[in-house]
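Student:
In my numbering, the protein residues as written are 2 to 214.
(1) Within 8 Å, do at least three Cβ pairs link the region 29-40 to the region 127-139?
(2) Consult DSSP for residue 199 and reduce its assignment to one of helix, strand or coil.
(3) For residue 56 versus residue 47, is the C-beta distance shorter than 8 Å?
(4) Measure the Cβ-Cβ separation of residue 36 and residue 143 and say whether it is below 8 Å.
(5) Do the region 73-80 and the region 181-190 make contact, defined as three or more Cβ pairs closer than 8 Å?
(6) Report the option in 96, 149, 53 and 85 whose CA atom is closest to the CA atom of residue 115.
(7) Have a look at residue 187 and residue 99 and give me their C-alpha separation to the nearest angstrom.
(8) Output the boundary residues of the beta strand (DSSP E) element that contains residue 1.
(9) Give every residue of the same chain whose Cβ lies closer than 8 Å to the Cβ of residue 214, excluding the five residues on either side of it in the sequence, and list them in chain order.
(10) Buried or exposed: which applies to residue 112, given that a residue is buried once 16 or more other Cβ atoms fall within 10 Å of its Cβ?
(11) Count the other CB atoms within 10 Å of the CB of residue 161; is the residue buried (16 or more) or exposed (fewer)?
(12) What residues in its chain sit with their C-beta under 6 Å from that of residue 95, if we drop five residues either side in the sequence?
(13) Using C-beta distances below 7 Å, list every residue in its chain close to residue 206, excluding the 5 sequence neighbours before and after it, in chain order.
(14) Report the residue ranges of all alpha helix (DSSP H) runs contained in full by the region 89-177; include only those spanning at least 4 residues, in chain order.
(15) Cα separation between residue 69 and residue 10?
(16) The alpha helix (DSSP H) that contains residue 30, what's its start and end?
(17) Which same chain residues end up closer than 6 Å to residue 127 when comparing Cβ atoms and leaving out the 5 residues on each side of it in sequence?
(18) Using the Cα positions of residue 16 and residue 50, report the straight-line distance between them to the nearest angstrom.
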């Protein structure tokens with residue numbers, strides 16, 4: 002049996018990082034479903050495929066890390082290493098003979114070798130855009146993306162308003178954080194305070210200018 006691993010939510014300034022892993026004996030079943038990189042599918046299609054995937058494969062696992070946990074881990078390590086820890090945890094839930102991962106590091110070979118050591122020297126194929134190449138990684142990408150989308154929807158419900166996608170490029174997300182900072186003097190829950198985006202917002206909104214006095 003082999004495994005594919007991918008993440009969703011690496012770059013957002015709000016919300017969790019999610020890693021999905023899918024285990025199969027043969028990826029023909031995934032090809033028949035028509036899996037592809039989750040970013041190339043509509044939300045509705047991803048939701049439908051989520052159920053098809055988990056019903057068809059030998060196994061799957063999903064690991065989530067909250068914004069607060071990400072901040073804590075980044076005090077002592079890089080985001081790539083945080084992802085590697087999550088990949089290793091996801092893969093280790095079932096015995097596999099090979100692992101395929103969407104590589105977040107510029108050095109594919111180095112990342113693959115380091116991950117292999119963490120999973121009992123199981124061979125790892127780490128490739129950029131692996132979710133476009135290997136159906137088992139595409140399937141993992143879909144599970145991760147759907148899970149994160151659901152969690153973001155729950156966060157919006159928690160606040161009673163739309164927080165957007167959580168990405169720094171999303172004006173809804175940035176407007177929500179700015180409003181919270183102005184009204185409460187701190188960032189809202191589920192914000193990644195270790196992100197430069199947040200540091201810049203805090204610097205601009207919370208540091209009073211001499212003209213404010």
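The beta-carbon is built from N, C-alpha and C at its ideal position, and this holds for glycine as well.
Tutor: Once the coordinates are examined:
(1) yes
(2) helix
(3) no
(4) yes
(5) no
(6) 85
(7) 45 Å
(8) Shown here, the chain extends from 2 to 214; a query on residue 1 therefore has no answer.
(9) Confidence at residue 214 is low in this model, with a pLDDT of 46, below 50, so the placement of that residue should be treated as unreliable; the coordinate-derived value is given next. Answer for residue 214: no residue qualifies.
(10) buried
(11) exposed
(12) 24 and 60
(13) 179, 182 and 183
(14) 109-119, 131-134 and 136-160
(15) 14 Å
(16) 29-34
(17) 102, 104, 109, 112 and 113
(18) 23 Å
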